[in-house]
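Numbering of the sequence shown is given in our numbering, commencing with residue 28 and proceeding in unit increments. Backbone N, C-alpha and C fix where the C-beta goes; we use that ideal spot for every residue, glycine too.
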Amino acid sequence: MSLVIPGPQAVVSFAERVRNAVLEVLDAVPRLSRLLDAVDLLLADVGALLERIEATRVAADGVVARVDETRRNADVLLGGTGPTLDRLQALLDTFQPSLEKLQPVLERLADTTDPSEVDAMVKLVDQLPVLVDELDKQVIPMLESLGTVAPDLHDLLGVSKELNEMLAKLPGMKRVKRRVDVEQATRGIR
């Protein structure tokens, strides 16, 4: 069985293909970094939005507590007027579901007198389904796929190191390696 040793042209061609593949991988690293930065910013925005929503919910709970306190005070004041109290209780029972639904809007109205801010809150509530849909369709799948990128890059770097070690053992490859190193140094790669 004879051992076929590739000629210099085949070795140089193979080295060029390896170099091109390594350069493509290195070119992808900044794009991946920008993508991760964009994801970090998006997650920060989503976190801030969730904090604002939670703050609104807490404030709305305060409004409900004040309404309950007002009702208890009315009960005390109207203690002897049974029919009026019954009518008031019926009204509260009737409006309670609506008031609970409007609780976030009422909280916002209590905190501000600027109509433009109330309009902005209504617009935000209107856009929440779209935002959640976009998070489900685009952001979450993208975040899930990021977990597979790092192991692939790690494997690719390992294969590249093995190829470099194999190429370094071939006769005449020290000159080729020096030329590639010079080219990479001039391009700012390292």
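Roughly how far, in whole angstroms, is the beta-carbon of residue i from the beta-carbon of residue j, given that I think they are within contact range, below 8 Å?
i: A87; j: E134; result: 4 Å
i: P131; j: T83; result: 5 Å
i: G199; j: P35; result: 6 Å
i: V90; j: A137; result: 6 Å
i: L59; j: V176; result: 7 Å
i: V73; j: M169; result: Not really, about 13 Å apart at Cβ, beyond 8 Å.
Alpha helix (DSSP H) containing residue i: first to last residue?
i: V166; result: Unbroken run through V166: none, as it is neither H nor E.
i: P57; result: 35-104
i: K204; result: 200-214
What do you reckon, are the CB atoms on residue i and residue j nearer than 7 Å?
i: L203; j: A42; result: Going by the sequence as given, residue 203 is Val instead of Leu. Going by C-beta atoms, V203 is nearer than 7 Å to A42.
i: L190; j: V39; result: no
i: V52; j: L183; result: yes
Skipping 5 residues on each side, what residues in its chain have a beta carbon closer than 8 Å to that of residue i?
i: D153; result: none
i: L63; result: L173
Between which residues of its own chain and residue i is the CB-CB distance below 7 Å, once the five residues before and five after are set aside?
i: D54; result: none
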